Every structure is written in C-alpha cells, then in structure tokens.
Amino acid sequence: VDTSLVGRNRKDEEYKSLEIPGLFHAHKHEGHGHAGLNEKRGFNLNYGELYLYAPVDPYFDLYATIPFSEEGSELEEAYAVTRGLPFGFQLKVGKFRSSFGRLNAQHPHTWDFATQPLINKVFLGEDGLVEKGIGLNWLAPTPFYLLFGAEVLQGENEQSFGTDGFEKGTVKVSDTRKPNLYVGYVKTSFDIGNLSLLAGLSYAQGKARINHLEDEDNPHAFAGKTKLYGLDLTARYQIDSIRYISLQGEYMYRDQKGIRYNFDQNSNLIGSPYITKKQGGFYLQLVGRINKQWRVGIQYNLINKNTVKVDGTKEDLPKNLPAYYAMVEYGPTEFSRIRLQFGENRAFYKDGVRKPVKEVILQFNFAIGAHGAHPF
C-alpha cells in the first residue's frame, strides 16, 4: 500500500492543466483503474498492489500484478516466463513492463524517489511502457553479466506510440498494423572491488497514433512514426555490508515524424505539413544509505533538447527544462518506509507562461507477505 500527504503551490485543477510544450499534453486518466501518483494536494491513496507468483509446471513460472485504487483496479501485468530453455535463452509472454531502459521495468514502490523522472514521464507516460507481447533474451556465456533482449509488443502506449486511428469530418487515419512496437536492448554489469557497475542500451520503434481530439484544451492528434533511444548507467559503491553510495542516470532521445492534426477556426480537422520532433533529456540521481534504516538522495532532471519543425520551419519552444528533488527516507524494516521529498519542477507551462511547481511529499509505503529483493 502506498499513501502520501502532498503540499503543492498549485491548485489541483491548475496542476492537472499544466503541460510541457511539444512534449507533454495534459489530459484525463481515462481507461485506467488508478489515478496518478501524488495527484492531489492533501492526502492521497496512491495504490494498493497485489503481487502473485507461482510455478505453473517444470517449464513455466506465472506472475501477475494487480493495482487497486479508489478509481478501480486493473491487470497491470500478467505473464509467463520459461524456467529452463537451453543455451541461456528465456522467453516471456503476456502483459509486462518492457525492459527498455533501467527504471521502466521497476514498479513505483521500488523507486528511490516518490515521483517519476521527468524524461520517463514525457516519453513513456505516467504508467510507463507496459504492453502485451512477447520477449526473448539471451544471457551470453561471458565471465561478466551480458544480456541481449528483444520484445515484440502491441504498441498501445499513448505517449509515444499508439495503435488506434481516428476519423473526424473528411479526415480518416487508419489503425496501425499490430503488433506495432519493437524493442531491443543490451545490458551488462560487473564488479571492480566494492564498486558495481550496470549499463544498458535500448532502442524502440513503432508507428504513432496519438489522439487528443476530445480534450477541452488544445485538442489535437498525431499520426506518424517514433524511434526511441535509451542509455542507462548505475554505479554503486558498497562501503560496508550496510552502507552504500549509488549514482544512477538515464538519457533518452526521441525521433518522431508525421502529421499533426488540429481544428481550424471553422472547427474542421486539418492536417499540418510534415512535422519532425527531435527531443531528449536525462535524470541523474545520487542516493546514499547512511545506516540500516536511513537513506538520503538528490535527483536532477533536464530536458535539454526540444526541437520541433513544421515543414522545415523550427517552432519556438522552450528547452533546457529542469526539475530537481531531494529526499530523506526512514525504513524501520524492509516491509515499511517513510519518505520525505521536496523539490521544484520548472518544466511546466500554461498558455506559454512557465509555471514552476514546488511540492513537498510525505510518502508512506507498506508491504506484507513474501517478496523478492528490490533491484539497486
């Protein structure tokens, strides 16, 4: 169970209406069984989560994750994994969190901060890249950890991809061919004394059908193609059996091309000339465990590239958009955690005016039952 107390300098309705020009468009959470994390000022019941695991037979294990909130529930993940394919191969099939990047595959309760990194939010959406599909990875027979993987996914992600076409007036855009999204990655890790290094390269590509035509503010749609690149690196130095210092970062770059659709002054839907988007950014965080129960950390986010061209003409959009956070965390046991986080997000705009969001979050997280070790 995850719950929080939030203090924020923006009222809830204003906060929901904020956007990042060219990158993130505010819209309602429709079709989801949960609300956004820390969505409202005051108290939030972010989610309750039921995690299920059981071996099916000698060949497969089955996993499921079901989050609950005041808005309902959904089957976030449900997938089977092979137990003993030869030559280092493993197959995954069902609905699961993609292994693109580092943080996307992790559930929010394992994050080091109460909020999602900015670049993950604008490229992968608040829910992340969670898709129906199949994945295959191969663990290379090397003296260090070296994993190659590929995924074929439905591609319904609303932030960078999408499969459903749209029709309005004389404009008709067809659905994409399914499956729509292809992901590849390579991950490695090795130790140098007390220092552990993890690194990864990721790539995703697919068609894009992004439909916000029913939104009240700035209704629009997009049809085209998306390529997404990712680089992640984690370095963790183990001071002793309890204390450590961890530096983690991810960089993502999105190359998007296609047609943008807007309504003209007569409420007719029209397509713009060819549009290209080349956008990128990163987060970098430093987290230290002081003793068995206390951790502290800082995180810096930056969208450093936001280039959008319409028919070759560059739009005047903001770039170098930062957000920064600090946290202190107390964990009495491995089953409970209390975290105080504060920071400022300077990436949000409203009607062309920057609207910095300052917030303080007091987060409580509790777990019962057996659960696996959290990734570092």
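Using this note's numbering, you'd call the opening residue of the sequence shown number 124 and step up by one each time.
Here a beta-carbon is modelled for each residue, glycine too, at the ideal position from N, C-alpha and C.
Being a predicted model, the structure only gives us computed values, none of them experimental.
Using the Cβ count rule (16 or more neighbours within 10 Å means buried), how would you classify Glu153?
Here residue 153 corresponds to residue number 30 of the sequence shown, with the count starting at 1. Its pLDDT being 47, under 50, Glu153 is placed unreliably by the model, and nothing is read from it.
Do the CB positions of Ala470 and Leu444 come within less than 7 Å of each other?
In the sequence shown, residue 470 corresponds to position 347, counting from 1. In the sequence shown, residue 444 corresponds to position 321, counting from 1. A contact, by the Cβ cut-off of 7 Å.
Could you tell me how far apart the beta carbons of Asn488 and Arg460 are, in whole angstroms, since I believe they sit closer than 8 Å?
For this step, residue 488 is matched to residue 365 along the sequence shown. For this step, residue 460 is matched to residue 337 along the sequence shown. About 4 Å separates the two Cβ atoms, so the contact holds.
Helix, strand or coil, according to DSSP, for Tyr182 in the structure here?
As a first step, residue 182 is located in the sequence shown; it is residue number 59 there, counting from the start. In the three-state reduction of the DSSP assignment, Tyr182 falls in the coil class, being assigned neither a helical nor a strand state.
Looking only at its chain, what residues have a beta carbon closer than 8 Å to the beta carbon of Lys428, apart from the 5 residues adjacent to it on each side?
Your numbering for residue 428 matches position 305 in the sequence shown. Excluding positions up to five away in sequence, the list reads Tyr376, Lys401, Gln402, Gly403, Gly404 and Lys442.
Does the beta-carbon distance from Lys330 to Thr299 come in below 7 Å?
What you label residue 330 is simply residue 207 of the sequence shown in a count that begins at 1. What you label residue 299 is simply residue 176 of the sequence shown in a count that begins at 1. Between Lys330 and Thr299, the C-beta gap is smaller than 7 Å, which places the two residues in contact.
Bounding residues of the beta strand (DSSP E) (the contiguous stretch that carries Phe313)
Translated into positions along the sequence shown, residue 313 becomes position 190. Its beta strand (DSSP E) spans residues Leu304 to Ile315.
Mark Phe345 as exposed unless 16 or more other C-beta atoms lie within 10 angstroms of its C-beta, in which case mark it buried.
What you label residue 345 is simply residue 222 of the sequence shown in a count that begins at 1. Phe345 is buried by the Cβ-count criterion.
Contact set for Lys89: own chain, Cβ-Cβ below 6 Å, skip 5 residues either direction
Residue 89 lies beyond the residue range present for the chain, which begins at 124 and ends at 499; the question has no answer from this structure.
Based on the DSSP output, what are the partners of Arg131 in its beta bridges?
Taking the first residue of the sequence shown as position 1, residue 131 is located at position 8. Answer is Glu482.
Got a sec? Which residues, its chain only, sit under 8 Å from Ser222 by beta carbon, not counting five neighbours each side?
Counted from its first residue, the sequence shown places residue 222 at position 99. The answer, listed in chain order, is Ala228, Gly258, Asn260, Gly272, Glu274, Val306, Tyr308, Lys310 and Ser325.
Could you tell me whether the stretch 355 to 366 touches the stretch 314 to 323, using the rule of 3 or more Cβ pairs below 8 Å?
The stretch 355 to 366 is in contact with the stretch 314 to 323.
With DSSP run on the structure shown, which of helix, strand or coil describes Phe405?
In the sequence shown, counting from the first residue as 1, residue 405 sits at position 282. In the displayed model, Phe405 falls within a strand according to three-state DSSP.
Hey, could you find the ends of the alpha helix (DSSP H) Phe471 is sitting in?
As a working note, residue 471 is residue 348 in the sequence shown. Boundaries cannot be given for Phe471, as no alpha helix (DSSP H) includes it and DSSP labels it neither H nor E.
Reduced DSSP secondary structure (H/G/I, E/B, other) of Pro190
The residue labelled residue 190 in the question sits at position 67 within the sequence shown. Shown here, Pro190 sits in a strand according to DSSP, grouped into three states.
For Ser82 and Asp434, what's the separation of their Cα atoms in angstroms?
No answer is possible for residue 82: the residues shown for the chain start at 124 and end at 499.
Just to confirm my understanding: we take Gln213, look at its own chain, exclude 5 residues before and 5 after, and list those with CB closer than 7 Å. What are they?
Against the sequence shown, residue 213 aligns to sequence position 90. Answer for Gln213: Val204, Thr205 and Asn260, listed in chain order.
For Leu133, tell me which candidate among Ile491, Arg418, Glu482 and Ser369 has the shortest Cα-Cα distance.
The residue you call residue 133 lines up with position 10 of the sequence shown. Contrary to the premise, residue 133 reads as Arg rather than Leu in this sequence. Just measuring C-alpha positions, the residue of Ile491, Arg418, Glu482 and Ser369 sitting nearest Arg133 is Glu482.
Just to confirm the assignment: which complete alpha helix (DSSP H) runs, minimum length 4, are found wholly within the stretch 319 to 352?
The qualifying runs do not exist here; there are none.
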